[in-house]
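If you count the sequence shown from 1, position 73 lands on 72 in the numbering used here, and the numbers rise without skipping.
Backbone N, C-alpha and C fix where the C-beta goes; we use that ideal spot for every residue, glycine too.
Below is one structure, written out as structure tokens; the observations come after it.
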Amino acid sequence: MAIECKDFLAFARLLGQQDSEVAFRSAISRAYYAAFHRCKEWEQTLPMLGRNEGPEGGAHQELINRLKHPAERCGEIVKERSRRNGAQLEAQRHRRVQADYALDDTVTAAEMHDQLGQVRQVLERCDAALPRSVP
Numbered sequence: 000m001a002i003e004c005k006d007f008l009a010f011a012r013l014l015g016q017q018d019s020e021v022a023f024r025s026a027i028s029r030a031y032y033a034a035f036h037r038c039k040e041w042e043q044t045l046p047m048l049g050r051n052e053g054p055e056g057g058a059h060q061e062l063i064n065r066l067k068h069p070a071e072r073c074g075e076i077v078k079e080r081s082r083r084n085g086a087q088l089e090a091q092r093h094r095r096v097q098a099d100y101a102l103d104d105t106v107t108a109a110e111m112h113d114q115l116g117q118v119r120q121v122l123e124r125c126d127a128a129l130p131r132s133v134p
């Protein structure tokens, strides 16, 4: 059975309805993966991939780097969307790492709701149509 990136966000919302820290942590993690997979899909629609400039790392960091440094061929609107997606994805990744690994830190419902809202923004930005005049 295949799933879509939005399924991660829907599951994160379900988790977030539970009033427990483990649910908040899991919701943050699942929401991040919704944004990560949607950004990967969105990047493939660009005329050219961005530059992998920035911190070294695996696939997640490389995607963030490319989004934050879009190719000139993308046009101004797409470049701005890419940079914003990269910055938000980086913040969401940091929060996901904290939720998954910093077990001595408390994760609150407010942090979880902020993550869900940020991810929703990324998905909406990726889904938004571009003006016809934009290459």
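Classify residue i: buried if its beta carbon has 16 or more other beta carbons within 10 angstroms, exposed otherwise.
| i | result |
| --- | --- |
| GLY56 | exposed |
| LEU13 | exposed |
| GLU123 | exposed |
| GLN87 | buried |
| GLY116 | exposed |
| ALA58 | exposed |
| GLN43 | exposed |
| ALA11 | buried |
| LEU129 | exposed |
Is the CB-CB distance between residue i and residue j below 8 Å?
| i | j | result |
| --- | --- | --- |
| ALA34 | VAL106 | no |
| ASN51 | GLU61 | yes |
| ASP99 | ARG24 | yes |
| ILE27 | GLU89 | no |
| ARG94 | GLN120 | no |
| ARG92 | TYR31 | yes |
Ignore the nearest five residues each way along the sequence and tell me which others in residue i's own chain have a CB closer than 6 Å to its CB.
| i | result |
| --- | --- |
| MET47 | ALA70, ARG72 |
| PHE7 | ARG29, TYR32, ALA33 |
Apart from the five residues on each side of it in sequence, which residues of its chain come closer than 7 Å, Cβ to Cβ, to residue i?
| i | result |
| --- | --- |
| GLY85 | ILE63, LEU66, LYS67 |
| SER81 | GLY49, LEU66, PRO69, CYS73 |
| GLN97 | ASP104 |
| ARG37 | CYS4, VAL121, LEU122, CYS125 |
| ARG83 | ARG124 |
| GLU2 | Looking at the sequence provided, one finds Ile at residue 2 rather than Glu. Within the same chain, ILE2 has no close Cβ partners at all. |
Leaving out the 5 sequence neighbours to the left and right, which residues in its chain are closer than 8 Å to residue i when beta-carbon positions are compared?
| i | result |
| --- | --- |
| GLY15 | ALA22, PHE23, ALA26, ALA108, MET111, HIS112, LEU115 |
- Does the region 75-84 come within contact of the region 7-22, defined as at least 3 CB pairs closer than 8 Å? no
- Just checking, does the region 98-116 make contact with the region 63-74 on the three C-beta pairs under 8 Å criterion? no
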